[in-house]
Structure formats: C-alpha cells, structure tokens
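J.: Heads up: the sequence shown runs through residues 54 to 188, numbered per the numbering used here. For each residue, glycine too, the CB sits at the ideal point set by N, CA and C.
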Amino acid sequence: MSEAAGRLDELVEAAGEARERAYAPYSRFTVGAAVLAGGRVFAGCNVENASYGVSICAERGAAMQAVAAGETRFDAVAVVGSAEEPTPPCGACRQFLSEFTPPDAPVVVETPSGEREVWTMGEILPHPFGPEFLS
Ligand code: THU
C-alpha cells in the first residue's frame, strides 16, 4: 500500500475537522478539505464573503496552505461536504488541484455521516490544462 493510501482516513478526518471551521453564513453549505503533501497534512475550509463572488472553496484553501509551506506535489486530496451524498470538488477547484496533483492520486470525498467515494484526480478532471501548453 502506498503511503498516501494508508493515510486516507487521517486525511478525511482533517478535512472533517476543517469543515467545522467553515465560514459559510450565506450558503450554509460547509466544506472541509485536506491535501497530503511532503508527508504532511494541510487543511482548509470554505470561506464566504458578503461579496459572494469572492468566496473561496475549501479545496483551494487547503492547496494554498500546502503551497505556502513549500509543497507543490499533492499525493492525495480529501473533501468533506455537508451534502447527503459525497460532493466532488467544483470545476474551478479541479483545475486548481490538477496543477499540483498527479492523475493517479486519490481524491476521497466523504459525507459527514461517513459515506465515501474515492476517485483519482484524472477521473474527475480528464484532459487538464497544464503548464505544458504554455511553452
Ligand atoms: N464549495 C467548496 O468549498 N468546495 C466545492 O468544491 C464546492 C463548493 C463551497 C463554496 C461555497 O462557499 C459553498 O460551498 C456553496 O457553493
């Protein structure tokens, strides 16, 4: 088992804890996310704003924490949303995560009651736009 595969429960737990700190007074939809990078766990939650459009998703919050700590390769991603079904990352977050997450890395999505889906980054964002197109 890869190191990431053995740490998915821990990653989901970190995402669930971060969700408790979500600032979502407008949508009331709370999300927590965590990424495993460089052997460490970085978590984030959605942070909304009275100017709705500048709100930030949990996944991008977690990714920002990792990159700010110097980690630019994510081995796994976990998301816990408040919907009754496992809620995958939005399109913008898929693109943002794909910059740092290889196609075979697991993306684990869980409900607050523990219903889990596991995809890979490549499954949720096939044919990503990446830096190779910019050269
Ligand atoms: N949200 C996330 O944090 N991640 C997603 O992938 C989907 C949506 C947040 C944004 C907003 O604060 C709330 O959920 C409702 O859209």
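1. Could you please give me the residues that DSSP links to F95 through a beta bridge?
2. Excluding the 5 residues preceding and the 5 following V171 in the sequence, name in chain order all residues of the same chain whose CB lies nearer than 8 Å to its CB.
3. Considering only C-alpha positions, which residue in the set Y76, S166, F95 is nearest to L64?
4. Which residues share a DSSP beta bridge with Y79?
5. Beta strand (DSSP E) containing V133: first to last residue?
6. Going by the C-beta, is P165 closer than 8 Å to any heavy atom of the ligand THU?
7. If I follow the unbroken beta strand (DSSP E) through R169, where does it start and stop?
8. Can you tell me the Cα-Cα spacing of G97 and Y76, whole angstroms?
T.: Short version:
1. In the sequence shown, counting from the first residue as 1, residue 95 sits at position 42. DSSP lists V88 as partners of F95.
2. Position 118 of the sequence shown, counted from the first residue, corresponds to residue 171. Once the five neighbours on either side are set aside, the close Cβ partners of V171 are L61, P159, V160, V161, V162.
3. On the sequence shown, position 11 is the one that residue 64 refers to. Nearest of Y76, S166, F95 to L64, Cα basis: F95.
4. Counted from its first residue, the sequence shown places residue 79 at position 26. DSSP output for Y79 lists no bridge partner at all.
5. On the sequence shown, position 80 is the one that residue 133 refers to. That run of the beta strand (DSSP E) goes 129 to 134.
6. Walking along the sequence shown from the start, residue 165 turns up at place 112. For P165, the shortest separation between its Cβ and any heavy atom of the ligand THU does not lie below 8 Å.
7. Reading the sequence shown from its first residue, position 116 is the one you call residue 169. That run of the beta strand (DSSP E) goes 169 to 173.
8. Along the sequence shown, one-based indexing puts residue 97 at 44. Along the sequence shown, one-based indexing puts residue 76 at 23. Their backbone Cα atoms lie some 11 Å apart in a straight line.
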